[in-house]
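Shown next, in structure tokens, is the structure this report addresses.
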Amino acid sequence: MTSYDPSFLQRLDKRHLWHPFTQMHDYADRDLLLIDRAAGLFLYDAAGRAYYDTISSWWCIVHGHNHPHIMAALRRQTERLDQVLLAGITHENAILLAKRLVDITPPSLTRVFFSDNGSTACEVAMKMALQYWQQAGEPQRKRFVGVERGYHGDTIGTMSVGGTPGFHQAFAPLCFASFRIPAPYCYRCPVGAAPEGCACECSAPLAELLERRGHEIAACIVEPLILAAGGMIVYPAAYLRVITELCRRHGVLVIFDEVATGFGRTGKMFAFEHAGTVPDFLCLSKGITGGTLPLAATMTTEEIFAAFYGPYAENRTFYHGHTFTGNPLAAAAALANLELFEQEDTLNRLQPVIRHLHQAVRRFHALEQVGDVRCLGAIVALELVRDRRTKEPFTFEERVGWPIYLAGLEHGLILRPLGNVIYLWLPLTVTAADVDAIVERVWTVLTRPGVLPPS
Ligand SMILES: *Cc1c(COP(=O)(O)O)cnc(C)c1O
1 MTSYDPSFLQ RLDKRHLWHP FTQMHDYADR DLLLIDRAAG LFLYDAAGRA
51 YYDTISSWWC IVHGHNHPHI MAALRRQTER LDQVLLAGIT HENAILLAKR
101 LVDITPPSLT RVFFSDNGST ACEVAMKMAL QYWQQAGEPQ RKRFVGVERG
151 YHGDTIGTMS VGGTPGFHQA FAPLCFASFR IPAPYCYRCP VGAAPEGCAC
201 ECSAPLAELL ERRGHEIAAC IVEPLILAAG GMIVYPAAYL RVITELCRRH
251 GVLVIFDEVA TGFGRTGKMF AFEHAGTVPD FLCLSKGITG GTLPLAATMT
301 TEEIFAAFYG PYAENRTFYH GHTFTGNPLA AAAALANLEL FEQEDTLNRL
351 QPVIRHLHQA VRRFHALEQV GDVRCLGAIV ALELVRDRRT KEPFTFEERV
401 GWPIYLAGLE HGLILRPLGN VIYLWLPLTV TAADVDAIVE RVWTVLTRPG
451 VLPPS
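Under our numbering, the residues of the sequence shown are numbered 1 to 455, in order.
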């Protein structure tokens with residue numbers, strides 16, 4: 001139970017808190033959901049009501065909430081070392097975690113730079129790429145390429161390579177110019193191809209860009225296999241292979257942003273494993289601690305690292321670091337998170353559940369307003385449309401997600417639609433029975449009169 005009366009807390013919340021990605025006006029006459037505790041797949045509110053955490057608390061929770069193994073590791077660590085800087089000092093957890101990350105990623109990724117959130121993981125990769133070229137004799141490579149509907153964070157650097165104007169248009173004057181390639185948005189294919197006949201023709205603008213300006217480009221940043229915040233757009237592994245190869249051919253470094261997809265969410269440890277291709281930089285965060293504490297890592301190759309290595313006076317140092325870089329508590333949680341993948345055989349156990357999930361969500365095709373059903377590992381998404389034939393979307397003002405969110409709460413579900421896209425981003429400990437219960441509730445929500453606008 002909360003230590004204070006929940007209504008007192010709600011009043012204080014309204015007076016003092018400013019919530020992220022939230023229009024506070026929505027709560028003028030309504031309380032925010034006050035969560036008191038969590039266990040496994042469930043969040044519990046102050047009145048003791050249970051909610052399926054179907055979005056893994058912003059895509060972080062891996063082995064369920066409060067997993068005893070991670071919590072025990074944290075408790076042990078609190079007896080030993082809370083925080084220490086990682087500049088000129090090191091500690092066991094940072095060392096062992098770097099080694100574990102190198103062990104579970106392709107052999108070429110040998111170096112780990114820690115930070116504390118997904119945006120910084122990406123900015124570190126971008127800054128390393130830029131400085132790398134200055135120190136590798138091609139200082140004219142200063143530009144970046146991003147994907148439309150790509151999302152890499154809310155800092156100025158990551159907004160500058162992102163493609164979600166809905167979130168970031170107010171900040172355009174702060175952003176630096178970068179190149180953007182079309183989203184591999186198969187449901188609304190940018191070249192009008194049918195899935196059966198797809199040969200990744202939508203990569204042609206990248207090929208043209210690289211022909212013309214490749215020598216100016218430092219790196220290309222992309223989310224492997226799913227543009228998550230941009231609308232849960234799942235795309236073929238072949239596309240990732242094609243753009244990686246194009247970049248390589250023009251000497252452009254490749255940054256895979258696996259902040260969202262890393263740590264099993266797509267059914268493999270990392271999404272790029274589906275494509276059998278390897279980046280120059282790999283950005284990790286969200287699930288790295290099993291979702292318990294903030295931590296991030298940017299991994300790269302010996303070749304990149306070597307360009308920063310030299311006598312002090314040569315000034316090749318990477319001048320970047322955050323106060324809580326490699327925090328010992330967070331690193332302890334991350335080590336325990338990775339141990340669980342082995343102890344619980346998480347990824348093997350998950351495969352039949354994933355198949356069951358993908359089968360179970362087919363029923364949503366029966367709803368007129370569901371234009372597309374997209375599946376990738378423990379992630380599924382439904383794109384709602386006004387007209388299935390023309391794929392006409394609902395407008396921003398219609399805000400179809402809001403009644404779904406509210407009805408979800410009444411049915412014990414945390415659903416947080418992204419615009420017209422409803423999605424499940426499930427913790428990896430979900431069972432087939434949980435899938436059935438969640439899908440049934442989503443069905444109940446969507447078929448409740450007045451929740452979906454008539455199509
Ligand atoms: C969430 C996210 C980020 C940003 O992470 P923060 O921890 O919110 O800064 C970056 N990239 C991707 C793909 C994400 O989903």
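Where a beta carbon is used, it is the ideal one built from N, C-alpha and C, also for glycine.
Cβ-heavy atom distance, Ala228 to ligand 1, below 6 Å: The answer is yes for Ala228.
Check whether Gln77 and Ala330 have beta carbons under 7 Å apart: Taking C-beta atoms as the reference points, Gln77 and Ala330 fail to come closer than 7 Å.
Contact between the segment 386 to 406 and the segment 418 to 425 (3+ Cβ pairs under 8 Å): Because the criterion of three Cβ pairs below 8 Å is met, the segment 386 to 406 and the segment 418 to 425 touch.
Residue range of the unbroken alpha helix (DSSP H) whose run includes Ile438: Its alpha helix (DSSP H) spans residues 432 to 447.
Sub-7 Å separation of Gly163 and Arg143 beta-carbons: When the beta-carbon positions are compared, Gly163 and Arg143 stay at least 7 Å from each other.
C-alpha distance - Pro427 paired with Leu74, whole-angstrom precision: So the two alpha carbons sit approximately 20 Å from each other.
Buried or exposed by the 16-neighbour rule on C-beta atoms within 10 Å, applied to Pro279: It counts as buried.
Sheet register partners of Ala463 (DSSP bridge): With the chain covering only 1 through 455, there is no way to say anything about residue 463.
Any non-hydrogen atom of ligand 1 closer than 6 Å to Val222 Cβ: No.
Continuous beta strand (DSSP E) assignments of at least 3 residues falling wholly in the segment 56 to 123: Scanning the segment 56 to 123 for uninterrupted beta strand (DSSP E) segments of 3 residues or longer gives 109 to 115, listed from N- to C-terminal end.
CB contact flag (Asp154, Phe324, <7 Å): Between Asp154 and Phe324, the CB-CB gap reaches or exceeds 7 Å.
Proximity of Arg265 and Gly377 at Cβ, strictly below 7 Å: Arg265 is a Cβ neighbour of Gly377, given a cutoff of 7 Å.
Tyr52 beta carbon less than 7 Å from that of Ile438: Against a cut-off of 7 Å, the Cβ pair of Tyr52 and Ile438 comes out as a contact.
Where Pro20 sits in the DSSP three-state scheme: If DSSP states are grouped into helix, strand and coil, Pro20 belongs with coil.
Separation of His356 from Val435, as counted between CA atoms: For Val435 and His356, the distance between alpha carbons rounds to 8 Å.
Inter-residue spacing [alpha-carbon to alpha-carbon] between Thr157 and Ala366: Strictly speaking, residue 157 in this sequence is Gly, with Thr absent from that position. Taking the straight line joining both Cα atoms gives about 42 Å.
Near ligand 1: Gly153 beta-carbon under 6 Å from a heavy atom: Yes, Cβ of Gly153 sits closer than 6 Å to a heavy atom of ligand 1.
Complete runs of the beta strand (DSSP E) confined to the segment 141 to 223 [at least 3 residues]: For the segment 141 to 223, whole beta strand (DSSP E) runs of length 3 or above, ordered along the chain, are 143 to 147, 179 to 181, 217 to 222.
Residue closest to Glu196, alpha-carbon to alpha-carbon, out of Ala238, Met126, Pro165, Ala218: Comparing alpha carbon positions, the residue from Ala238, Met126, Pro165, Ala218 closest to Glu196 is Ala238.
Touching by the beta-carbon criterion (3+ pairs, under 8 Å), the segment 261 to 276 and the segment 124 to 134: Segments in contact, no.
Length of the line joining the Cα atoms of His91 and Leu33: His91 and Leu33: Cα-Cα distance of roughly 39 Å.
Under the three-state DSSP convention, the category Asp13 falls into: Looking at Asp13 - three-state DSSP - the assignment turns out to be helix.
At least three beta-carbon pairs within less than 8 Å, the segment 303 to 316 to the segment 382 to 392: Short answer: they don't touch.
Glu368 to Ile233 span [Cα, whole Å]: Taking the CA atoms as reference points, Glu368 sits about 20 Å from Ile233.
Ala121 and Ser285 closer than 7 Å at C-beta: Against a cut-off of 7 Å, the Cβ pair of Ser285 and Ala121 comes out as a contact.
Sub-7 Å separation of Val62 and Gly290 beta-carbons: Yes, Cβ-Cβ distance for Val62 and Gly290 is below 7 Å.
Ligand 1 heavy atom lying under 6 Å from the CB of Gly118: Yes, since a heavy atom of ligand 1 falls inside the 6 Å radius drawn around the Cβ of Gly118.
Phe270, DSSP secondary structure in three states: The answer is coil: DSSP assigns Phe270 none of H, G, I, E or B.
Contact under 7 Å by Cβ, Pro184 with Tyr235: Yes, the Cβ-Cβ distance between Pro184 and Tyr235 is below 7 Å.
8 Å Cβ shell around Gln10 - same chain, five flanking residues per side excluded: Answer for Gln10: Asp31, Leu32, Leu34, listed in chain order.
Distance, Phe21 Cα to Gly262 Cα: Roughly 23 Å between the two C-alpha positions.
Residue range of the unbroken beta strand (DSSP E) whose run includes Leu43: For Leu43, the enclosing beta strand (DSSP E) covers residues 42 to 45.
Neighbourhood of Gln351 by C-beta distance below 7 Å, restricted to the same chain and skipping five residues each side: Once the five neighbours on either side are set aside, the close Cβ partners of Gln351 are Gly267.
C-beta contact flag for Glu201 and Ala193 at 7 Å: The answer is yes: Cβ separation under 7 Å.
Glu211 versus Asp372: straight-line alpha-carbon distance, rounded: The C-alpha of Asp372 is placed about 35 Å away from the C-alpha of Glu211.
Distance between Glu339 and Leu452 (C-alpha atoms, nearest Å): Approximately 43 Å between the Cα atoms of the pair.
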